[in-house]
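For our numbering, add 1377 to where a residue sits in the sequence shown, where the first one is 1.
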Amino acid sequence: MENSFGLHHRMITKLMTNAKLEILNARDTFIKSVLADVNRELLKLRNHKSQYLKILKKLILQAMYQVLEEKISLILISDDMECVDLMIPELSEIYLANTGMNIEINIDNSIKLPNQEIGGVMVTAKGRRLLVENTLVVRLLYLTQQAIPIICTGLFGPNPTRTYLRNK
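If you want it as C-alpha cells, here you go:
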C-alpha cells in the first residue's frame, strides 16, 4: 500500500513539474516574441534618419564619457560613417564643454559593425584595450534584463513569490 502511494505521489509531482515547465516555456516564448517586435521597431528607426542621428550622437557621447580618454576610435556600421564624420567637430565641442578635455576622434575603417546591427557605436581607446560597446542591440539586451520582471507582471499578473518586486 505504501509503495503504491509513493508511486502515485511521484507521478503527480512529475506531472505538476512538467505543467509548470510548459507554462514557463510558453511565457518565455511570448516574451521573446515581444522583444523581437521591439527589435523590428528599432530597425525601422534607421529609416528616420534625423531621429536616428540624434540617438546615435547621444550613444557616441555616452560611450565617450565612459572612456574618458583624449584619443578614441569609433567603430560604426558602414552606413553611419559619413554622417558621424560630419558630427565629429560637434562631438568634440560637446565633450570639451562637459569634461574640459580636448579629444581626438577617429573613425576606425579597418573594422566595422555588422550591417545586421541595428545601430550604435563601439568606442575604443588605448589600442583597443579599452572598449565600450554602446549599440542599440546591447542597450536593448541591458534594458531587457532589467525589464523582464516588469514585463512579466504586466503580461501575466503579479507573482506572489517575487519578493523583490513587492512594494515596501
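All C-beta atoms, glycine included, are put in the ideal place defined by N, C-alpha and C.
Task: Contacting residues, own chain, Cβ-Cβ under 6 Å from Ser1450 (five flanking each side not counted) - done: Asn1483, Asp1485 and Thr1501
Open item on the list: Please state the DSSP three-state secondary structure of Glu1481.
Closed with: strand
Task: Cα-Cα separation between Glu1494 and Val1515, rounded to whole angstroms - done: 10 Å
Task: Collapsed DSSP secondary structure at Lys1503 in the structure displayed - done: coil
Task: 8 Å contact criterion, which Glu1510 and Ile1480 should meet: CB distance rounded - done: At roughly 19 Å, the Cβ-Cβ gap does not stay under 8 Å, so Glu1510 and Ile1480 are not in contact.
Open item on the list: Can you give me the C-alpha to C-alpha distance between Met1393 and Arg1404, rounded to a whole angstrom?
Closed with: 17 Å
Task: Same chain, Cβ closer than 8 Å to Val1415, five either side skipped, listed in chain order - done: Leu1517
Open item on the list: On the DSSP bridge list, what partners appear for Thr1512?
Closed with: Gly1497
- [ ] Count the other C-beta atoms from every protein chain shown that fall within 10 angstroms of the C-beta of Val1461, then say buried if there are 16 or more, exposed otherwise.
- [x] buried
Task: Between the CA atoms of Gly1531 and Asn1395 - distance to the nearest angstrom - done: 24 Å
Task: Selection from Arg1423, Glu1459 and Ile1471 that minimises the alpha carbon distance to Tyr1442 - done: Ile1471
Open item on the list: Between which two residues does the beta strand (DSSP E) holding Leu1451 run?
Closed with: Lys1448 to Ile1452
Open item on the list: Quick check on the burial criterion: 16 or more other C-beta atoms within 10 angstroms. Buried or exposed for Asp1457?
Closed with: buried
Open item on the list: I'd like the list of long-range same chain contacts for Leu1453, defined as Cβ closer than 7 Å, with 5 residues on each side in sequence excluded.
Closed with: Val1461, Ile1484, Lys1489, Leu1490 and Val1498
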